[in-house]
Structures are given as C-alpha cells and as structure tokens.
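J.: Before I ask anything, here is the structure I am working with.
Residue numbers (our numbering): 341 to 388.
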C-alpha cells in the first residue's frame with residue numbers, strides 16, 4: 341500500500357512538472373509573438 345501511494349505521488353509530481361514546463365514554453369512563445377515596445381532605437385528616438 342505504501343508503494344502504491346509513493347508511485348501515485350511521484351506520478352502527480354511528474355505531471356505537475358510537465359504542466360509547468362508546458363505553461364512556461366507557451367508563455368515564451370507568446371512573448372516572441374508580441375512586438376518589443378520596450379526597446380527603442382536611439383536614432384529613431386532622436387529623429388522623432
């Protein structure tokens with residue numbers, strides 16, 4: 341019985357870890373798609 345609980349616990353931890361990695365990778369993809377408004381080219385800023 342103790343072994344079954346440990347296996348289920350390990351499986352739950354692995355599932356949560358995969359879900360976290362998937363969420364992080366999804367967040368990175370969304371960051372790549374959005375325009376980078378934070379970086380301003382100094383030459384363009386001076387011309388405006």
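Glycine is no exception: its CB is placed at the ideal position from the N, C-alpha and C atoms.
With a threshold of 7 Å on Cβ separation, who are the neighbours of residue 356 within its own chain once the five nearest residues in sequence on each side are excluded?
T.: So the list is empty, once near-sequence residues are dropped.
J.: By how many angstroms is the C-alpha of residue 347 removed from the C-alpha of residue 365?
T.: When rounded, the distance between both Cα atoms is 27 Å.
J.: Could you tell me the alpha carbon to alpha carbon distance between residue 372 and residue 358, rounded to whole angstroms?
T.: So the two alpha carbons sit approximately 21 Å from each other.
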